[in-house]
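Trainee:
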Amino acid sequence: SKDSPLADMYMNARWARFADGADEIHMMRTAERTIAAFRDHGTTRTATGNLPI
């Protein structure tokens, strides 16, 4: 329904979530890259864009 802007936002939010992918997948891939970087280089800096974290 296009009765209100909120209804349109809810309809688009569902599609955006599907297109973006699940948050769990993003966290899993970030963790995999961080573990691999630490295993290969002894530091996580390459996985975090060399940020001083």
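Under our numbering, the first residue of the sequence shown carries the number 26, and numbering increases by one thereafter. Note that beta-carbon positions come from the ideal geometry of N, C-alpha and C, so glycine has one too.
1. Could you tell me how far apart the beta carbons of T69 and T59 are, in whole angstroms, since I believe they sit closer than 8 Å?
2. If you run the structure through DSSP and keep just helix, strand and coil, what is A32?
3. Just to confirm before moving on: does the CB-CB distance between T71 and A62 stay below 8 Å?
4. Could you tell me the boundaries of the alpha helix (DSSP H) in which A56 lies?
5. For R39, name the three-state secondary structure that DSSP assigns.
Mentor: Reading it off the structure:
1. Counting from one through the sequence shown, the residue named residue 69 turns up at place 44. Counting from one through the sequence shown, the residue named residue 59 turns up at place 34. Contact holds; Cβ gap of about 5 Å.
2. Locating residue 32 in the sequence shown gives position 7, where the first residue counts as 1. A32: helix per DSSP, three-state reduction.
3. Walking along the sequence shown from the start, residue 71 turns up at place 46. Walking along the sequence shown from the start, residue 62 turns up at place 37. Yes, the Cβ-Cβ distance between T71 and A62 is below 8 Å.
4. Your numbering for residue 56 matches position 31 in the sequence shown. D48 to H66 is the extent of the alpha helix (DSSP H) around A56.
5. What you label residue 39 is simply residue 14 of the sequence shown in a count that begins at 1. In this structure, R39 counts as helix in the three-state DSSP scheme.
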